[in-house]
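What follows is one structure encoded as C-alpha coordinates, with my remarks underneath.
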Amino acid sequence: MESTVAVSIQDLPPEIIEIIATYLGSDDLHSCFSVFRDWERNLNSNKFWRKLCVYPEKYFKTAGCTLGSRGNKDYEEVCFWKKSYDRQKLLWENWSKGRFT
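Take a look at the structure:
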(Lines of atoms letter the chains of each structure in order from A and count residues from 1; the text may use other names and numbers.)
(Lines give C-alpha, C1' and ligand atoms only; values in the text may rest on other atoms or scores of the structure.)
Protein backbone atom coordinates (compact mmCIF):
# COMPACT_ATOMS: atom_id res chain seq x y z
CA MET A 1 0.00 0.00 0.00
CA GLU A 2 1.35 3.43 -0.92
CA SER A 3 1.76 5.98 1.80
CA THR A 4 1.24 9.64 1.11
CA VAL A 5 2.89 12.54 2.82
CA ALA A 6 1.07 15.81 3.19
CA VAL A 7 3.18 18.76 2.14
CA SER A 8 2.29 22.29 3.12
CA ILE A 9 3.04 25.38 1.09
CA GLN A 10 5.10 26.48 4.09
CA ASP A 11 7.45 23.53 3.48
CA LEU A 12 8.68 24.95 0.17
CA PRO A 13 12.35 25.95 0.00
CA PRO A 14 13.18 29.67 -0.37
CA GLU A 15 14.24 29.22 -4.00
CA ILE A 16 10.80 27.91 -4.96
CA ILE A 17 9.07 30.68 -3.01
CA GLU A 18 11.07 33.25 -4.97
CA ILE A 19 10.11 31.66 -8.29
CA ILE A 20 6.43 31.60 -7.33
CA ALA A 21 6.58 35.22 -6.15
CA THR A 22 7.73 36.43 -9.56
CA TYR A 23 4.33 35.35 -10.94
CA LEU A 24 2.26 37.05 -8.24
CA GLY A 25 0.53 40.38 -8.49
CA SER A 26 0.53 43.01 -5.78
CA ASP A 27 -2.53 41.74 -3.89
CA ASP A 28 -1.17 38.21 -3.83
CA LEU A 29 2.27 39.39 -2.68
CA HIS A 30 0.63 41.39 0.11
CA SER A 31 -1.41 38.38 1.16
CA CYS A 32 1.58 36.05 1.22
CA PHE A 33 3.67 38.67 3.01
CA SER A 34 0.97 39.03 5.66
CA VAL A 35 0.07 35.38 6.19
CA PHE A 36 3.20 33.24 5.98
CA ARG A 37 6.14 34.14 8.25
CA ASP A 38 8.59 32.13 6.15
CA TRP A 39 7.38 33.85 3.01
CA GLU A 40 7.64 37.22 4.72
CA ARG A 41 11.37 36.72 5.20
CA ASN A 42 11.78 35.89 1.52
CA LEU A 43 9.37 38.51 0.20
CA ASN A 44 10.86 41.31 2.28
CA SER A 45 13.19 41.85 -0.64
CA ASN A 46 13.63 44.92 -2.78
CA LYS A 47 13.67 42.87 -5.99
CA PHE A 48 9.99 41.90 -5.65
CA TRP A 49 8.64 45.28 -4.60
CA ARG A 50 10.77 47.40 -6.93
CA LYS A 51 9.00 46.02 -10.01
CA LEU A 52 5.68 47.12 -8.54
CA CYS A 53 7.02 50.66 -8.08
CA VAL A 54 8.64 50.89 -11.50
CA TYR A 55 5.43 49.89 -13.31
CA PRO A 56 2.74 51.07 -10.88
CA GLU A 57 -0.07 51.49 -13.40
CA LYS A 58 0.08 47.75 -14.09
CA TYR A 59 -0.62 46.91 -10.44
CA PHE A 60 -2.48 49.79 -8.79
CA LYS A 61 -5.59 49.80 -10.98
CA THR A 62 -6.47 46.24 -10.04
CA ALA A 63 -5.17 46.19 -6.48
CA GLY A 64 -7.09 46.78 -3.28
CA CYS A 65 -5.55 49.05 -0.71
CA THR A 66 -3.85 47.32 2.21
CA LEU A 67 -1.19 49.53 3.70
CA GLY A 68 0.83 50.22 6.78
CA SER A 69 2.33 48.07 9.43
CA ARG A 70 0.66 44.86 10.52
CA GLY A 71 -0.37 45.04 14.13
CA ASN A 72 2.76 44.84 16.27
CA LYS A 73 5.11 44.34 13.28
CA ASP A 74 7.93 46.85 13.29
CA TYR A 75 7.50 48.58 9.93
CA GLU A 76 11.16 49.62 9.97
CA GLU A 77 12.10 46.01 9.16
CA VAL A 78 10.25 46.18 5.84
CA CYS A 79 12.44 46.66 2.77
CA PHE A 80 12.71 50.07 1.08
CA TRP A 81 10.82 49.15 -2.10
CA LYS A 82 7.87 47.63 -0.23
CA LYS A 83 7.51 50.83 1.78
CA SER A 84 7.77 52.82 -1.46
CA TYR A 85 5.14 50.63 -3.06
CA ASP A 86 2.81 51.08 -0.08
CA ARG A 87 3.17 54.88 -0.27
CA GLN A 88 2.58 54.97 -4.03
CA LYS A 89 -0.43 52.69 -3.73
CA LEU A 90 -2.00 54.90 -1.06
CA LEU A 91 -1.46 58.00 -3.21
CA TRP A 92 -2.98 56.23 -6.22
CA GLU A 93 -6.03 55.14 -4.22
CA ASN A 94 -6.58 58.63 -2.82
CA TRP A 95 -6.11 60.33 -6.18
CA SER A 96 -8.41 57.93 -8.03
CA LYS A 97 -11.17 58.49 -5.44
CA GLY A 98 -10.82 62.28 -5.52
CA ARG A 99 -9.28 62.49 -2.06
CA PHE A 100 -6.70 65.20 -2.53
CA THR A 101 -6.22 68.89 -1.77
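7 is the number of the first residue of the sequence shown in the working numbering; add one for each residue after it. Virtual Cβ for every residue (Gly too), placed ideally from N, Cα, C. The structure displayed is predicted, hence computed values, not measured ones.
For residue i, does the count of other Cβ atoms within 10 angstroms reach 16, so buried, or fall short, so exposed?
i	result
K88	buried
S32	buried
K95	buried
If you check the beta carbons only, do residue i and residue j fall under 9 Å apart?
i	j	result
L58	Y91	yes
I23	N48	yes
F54	E46	no
For residue i and residue j, what's the separation of their Cα atoms in angstroms?
i	j	result
S9	V41	30 Å
W98	V11	45 Å
P20	I26	10 Å
V13	S37	20 Å
Measure how close the beta-carbons of residue i and residue j come, nearest whole angstrom, since I'm counting them as under 8 Å.
i	j	result
N52	F86	6 Å
Q16	D34	With 8 Å as the limit, Q16 and D34 do not qualify as a contact, their Cβ atoms being about 16 Å apart.
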